[in-house]
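Residue numbers (our numbering): 79 to 378.
For each residue, glycine too, the CB sits at the ideal point set by N, CA and C.
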């Protein structure tokens, strides 16, 4: 009986090795349970707010979920250090030298802290959200995730571009989804100077009307249109403008129009010119002519 009481006393005493291990396990389990409860609460808050008519941005929810996990486990670690006598002195020393500690930690983890602060900025100001289609550093893709350290962009090739939050915070980017995802598609063609411009315009408009990727007339009544934009060295430039629902539809519409307009121009006899270049080889040049002795010209 005395042995059982001694074991129980050691198990509850954080000053002993057994008590220290038991306290660590207990605090870890508590942190795990609290983290899971907060996760469920945040997800339920999204559902509740949605039913109340105020949709919660999933970007904020995702960032908050990661932040709360770090805060919960860090709090559990501080409580553990505070309850263990052997480590309590270390905590006091750290608190007493908090200024020096902050400087050392700040210098050693400058990049990580910058990314976390930039992550806060992205979550608060939201230049893009999870699911938005953006162009960053000439890469077009969909924002897949925003973590405490980095942002994950799924490119159109289905690759994952990992960008540090600090870098994104200092970059200019294109957001194709914010406010209005509609895209004005611009496709340019060249026709020869012998072409009837009115004929070329009519053919382009007919193909644009047939394009399955353009917006309906009710949503874009003023387009499509065709404008003459240049008199080039060997062609007249024409620009076709029409509205598409989003960036993905714009790319599909461009591919469709380039193919169909080429087929239509071929069928109607409209020439799409290209520059001609004549090559003359040196061996095919006529021989040079030389002056004769009497001042006249003679053969070489």
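| query | result |
| --- | --- |
| For residue 227, which residues in the same chain have their Cβ closer than 6 Å to its Cβ, ignoring the five residues on either side in sequence? | 193 |
| Tell me the rounded alpha-carbon separation between residue 156 and residue 96. | 19 Å |
| Between which two residues does the beta strand (DSSP E) carrying residue 234 extend? | Residue 234 -> no beta strand (DSSP E), and no H or E assigned at all. |
| Quick one: Cα of residue 277 to Cα of residue 322, how far? | 25 Å |
| Looking at the strands, I want to know which residues DSSP matches up with residue 321. | 262 |
| Where does residue 302 land, buried or exposed, given buried means 16+ other C-beta within 10 angstroms? | buried |
| Helix or strand or just coil, what does DSSP make of residue 222? | strand |
| Taking the beta carbon of residue 343 as the centre, do at least 16 other beta carbons fall within 10 Å, making it buried, or is it exposed? | buried |
| Since residue 109 and residue 159 are thought to touch, with beta carbons under 8 Å apart, how far apart are those beta carbons, to the nearest angstrom? | Between residue 159 and residue 109 the Cβ distance is about 14 Å, and since that is not below 8 Å, they are no contact. |
| Spell out the partners DSSP gives residue 309 in its beta bridges. | 314 |
| Between which two residues does the alpha helix (DSSP H) harbouring residue 245 extend? | 243-247 |
| Might you give, ordered along the chain, the residues of its own chain that have their beta carbon closer than 7 Å to the beta carbon of residue 147, omitting 5 neighbours on each side? | 113 |
| Run through DSSP, which three-state label would residue 268 get? | strand |
| Excluding five sequence neighbours on each side, which residues of the same chain lie with their C-beta closer than 8 Å to the C-beta of residue 154? | 105, 106, 108, 109 |
| Assign residue 195 to buried or exposed, taking buried as 16 or more other Cβ atoms, counted over all protein chains shown, within 10 Å of its Cβ. | exposed |
| For residue 243, count neighbouring C-beta atoms within 10 Å of its own C-beta (all shown protein chains included) and say buried if the count is 16 or more, exposed if not. | buried |
| Between 290, 207, 264, which has its C-alpha nearest residue 315's C-alpha? | 264 |
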